[in-house]
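In this note's numbering, the protein residues as written are 867 to 1570. Here a beta-carbon is modelled for each residue, glycine too, at the ideal position from N, C-alpha and C. Notes for the one structure printed next.
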């Protein structure tokens, strides 16, 4: 609701009243103090803490609950791994500093989830103490001056594993005791066991939920708080939605591909497979320098070609002689994968691996024996080098090759040969937070070209289709459909746009004059990251192990263009209104779209699928770049929109589009305006817009 200013004569009257009465008179709205947030203490063990969840500060259940509830609430995580409710357990929670901290927080709400570790044999021998200890534990919070409302959660299900945690005891003994004590104490029960009992896939180690399991927990608790505190509930997610691992990957946006392998030394793009390992001999490989350059250029991940089609391995594989172990480089002690992985961790960027499914060197390629070999090599990469953020599988499958000296052409059934579902299970087991890239996902899809751009229409939802309309597989798909995705696709599989800074993927001296300019790279950035996809830019090192200076200059030039363009968001000086606000609740107000947080958003009532959002300034502004972003955890919704500018008493359309997605960028002729309006004409569900950016870039002078 707009707050109107007082008439000058009324303000003067207030002034005279003050003088005459000695009282200081405020306008009525000045007496409305800002309401303090409702404080929530999440008390528990490693499941509350978020053990095993990458970026747990963002994806543990308390963190996700905070995002769902918004600024009206302050959620604190007081979880401690391995702790018990039982006072005579091996590690009682009540002995921890976090127990005191939770009470000193003076919460308005306490959410307790303990009992999982109590099911261990050494703890459950004290089972007769359980209810008494729990009642005493609850009383510690009930007697606080804040008089909090207390919720007690059941433990989560535990699946067969080696943690010593007993699901039968949890289900048949601990949960009934918890239910009984809620009747005695008057606290509220939250049943998380049944919310997750059929979701074993969300428990990578059989006990701790991953980020998606934590999301189920948070959403279940959120629905109860909405009921009990009469909150306007958030829109229901529009399935399919991204997993937490996909959200983490989408946040990377712009990453590096490093094609450095045997082809670097033979001046080829595709090696035949008969190359002598001794040819691989970088004189001065400096992975720290490359990783720093990648980071300083604004990239957040580096993917290394650990094995290309020629079969040469950049790590000392135990399953082939075609590797650095047999190259005499560093006296056969070199390990390029190890050096890059350590350098990436050192500078704080993700590390991904590319392992070509095709191997033109291996004698058994095309036979069942090769699949065991391939999976063994995959296991080596996923177990020796720490956390892997992305595993990259391409669609180059079969053809002519050396094949152990046979020198022949081998053809495979691309749909069945690799047994992709079983191969992907290895990744899920060994690196559960890594996204899997291929023509068909399952986490990230190839955009369908190697030119570095996605379509003007780009859905993150996708249904891969085989070349003959049948079941798809890597290397067997209607790849051209990847550029736009599928409007009502079955799966959430966002696009990754791979492209090289040079004409070729590997370094060739003859291409030193053909390096893409910063302006060309910025064009790729806008048409990939700015079209609801990511940009994977290849920068191939030279044979000496260094990046070419021209490549580095272009990378830093792009970084400068990006930083300069997005240095100041003009919406920071504006105000936002909308034609509809969900439940008239400020938690979903238009202002959330310009508050610089991607975790807040403007949303409409469920029945409203066309709406307008308007930004106003009290002075003219000039802009040539516009950014829009949807709140992606709820799915991709918008399917048609336009953007208008108000100048000299009328609206003028400046651009239009179909999809928005996580990020949409528009370069427009420099335009003066007093207002900007986003018109959403059609959405698959009520729109949820988290980001609007308006920029006046001094370096972008025209639309490309």
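What distance in whole Å lies between the Cβ atoms of residue j and residue i, which are believed to be in contact at a cut-off of 8 angstroms?
i            : j            : result
residue 1490 : residue 1543 : Not confirmed; about 17 angstroms, so no contact.
residue 1219 : residue 1172 : 5 angstroms
residue 1351 : residue 1261 : Between residue 1261 and residue 1351 the Cβ distance is about 18 angstroms, and since that is not below 8 angstroms, they are no contact.
residue 949  : residue 996  : Residue 949 to residue 996, Cβ: 14 angstroms. No contact.
residue 1144 : residue 1193 : 6 angstroms
residue 946  : residue 959  : 6 angstroms
residue 1480 : residue 1508 : Rounded, the Cβ-Cβ distance is 13 angstroms, inconsistent with contact.
residue 1045 : residue 973  : Incorrect: roughly 23 angstroms between the Cβ atoms, too far for contact.
residue 1036 : residue 1021 : 5 angstroms
residue 1548 : residue 1496 : Not really, about 14 angstroms apart at Cβ, beyond 8 angstroms.
residue 1252 : residue 1311 : Residue 1252 to residue 1311, Cβ: 26 angstroms. No contact.
residue 1293 : residue 1302 : 6 angstroms
residue 847  : residue 1235 : Here the chain has residues from 867 to 1570 only, and residue 847 is not among them.
residue 1530 : residue 1397 : 7 angstroms
Taking all protein chains shown into account, do 16 or more other C-beta atoms lie within 10 angstroms of the C-beta of residue i, making it buried, or fewer, making it exposed?
i            : result
residue 1420 : buried
residue 1027 : exposed
residue 1395 : buried
residue 1277 : exposed
residue 1291 : exposed
residue 830  : Missing from the structure shown is residue 830; the chain here goes from 867 to 1570 and no further.
residue 1446 : buried
residue 1064 : exposed
residue 1075 : buried
residue 930  : buried
residue 1024 : buried
residue 1221 : buried
residue 1361 : buried
residue 841  : Not covered by the structure: residue 841. The range shown for the chain is 867 to 1570.
residue 1470 : buried
residue 1473 : exposed
residue 1295 : exposed
residue 1116 : buried
residue 1093 : exposed
residue 907  : buried
residue 964  : buried
residue 1552 : buried
Excluding the 5 residues flanking residue i on each side, which residues of the same chain have their C-beta closer than 7 angstroms to its C-beta?
i            : result
residue 1268 : 1138, 1139, 1140, 1226 and 1227
residue 1053 : 1004, 1016, 1017 and 1018
residue 1565 : 1427, 1430 and 1431
residue 1518 : 1510 and 1511
residue 1047 : 997, 1000 and 1001
residue 1417 : 1367, 1381 and 1405
I'd like to know whether the C-beta atoms of residue i and residue j end up nearer to each other than 7 angstroms.
i            : j            : result
residue 810  : residue 1442 : The structure shown does not extend to residue 810, since the chain is modelled only from 867 through 1570, so no value can be given for it.
residue 1309 : residue 1343 : no
residue 1153 : residue 1189 : no
residue 1413 : residue 1364 : no
residue 955  : residue 989  : yes
residue 1483 : residue 1527 : no
residue 1164 : residue 1425 : yes
residue 939  : residue 987  : no
residue 1070 : residue 1298 : yes
residue 1098 : residue 1451 : yes
residue 1062 : residue 1078 : no
residue 1050 : residue 1014 : no
Sorted by chain position, which residues of the same chain lie with C-beta nearer than 8 angstroms to residue i's C-beta, five sequence neighbours on each side aside?
i            : result
residue 934  : 1084, 1085, 1088 and 1100
residue 862  : What is shown of the chain runs 867 to 1570, which leaves residue 862 out entirely.
residue 1229 : 1269, 1270, 1271 and 1272
residue 1571 : In the structure as shown, the chain starts at 867 and stops at 1570, and residue 1571 therefore has no counterpart that could be examined.
residue 1324 : 1349, 1350, 1351, 1361, 1397, 1398, 1399, 1525 and 1527
residue 1369 : 1377 and 1380
Starting from the C-beta of residue i, find all residues in its chain whose C-beta is less than 6 angstroms away, skip the five residues before and the five after it, and write them out in chain order.
i            : result
residue 888  : For residue 888, the predicted structure reports a pLDDT of 36, less than 50, and the residue's modelled location is therefore unreliable. A value from the coordinates is still provided. Counting only Cβ-Cβ distances below 6 angstroms, and skipping sequence neighbours, we find nothing.
residue 979  : 910, 914 and 1019
residue 876  : Only weak support exists for where residue 876 lies, its pLDDT of 33 falling under 50; the value from the coordinates is given anyway. Excluding sequence neighbours, residue 876 sits near nothing in its chain.
residue 1455 : 1447
residue 1409 : 1130 and 1131
residue 1321 : 1349 and 1350
For a test of your reading of the model: does the CB of residue i fall under 6 angstroms from any non-hydrogen atom of the ligand ADP? Yes or no.
i            : result
residue 1089 : In the structure on display, the ligand ADP does not appear, and there are no ligands present to speak of.
Below 8 angstroms, how does it come out for the region 1122-1139 and the region 1518-1531: are there three or more Cβ pairs, yes or no? no
Sufficient close CB pairs (3 or more, under 8 angstroms) joining the region 1380-1387 to the region 1116-1124: no
Just checking, does the region 1553-1561 make contact with the region 1453-1467 on the three C-beta pairs under 8 angstroms criterion? yes
Okay, do the region 1315-1334 and the region 1356-1373 touch, 3+ Cβ pairs below 8 angstroms being the bar? yes
Three CB pairs or more closer than 8 angstroms across the region 1197-1206 and the region 1175-1186: yes
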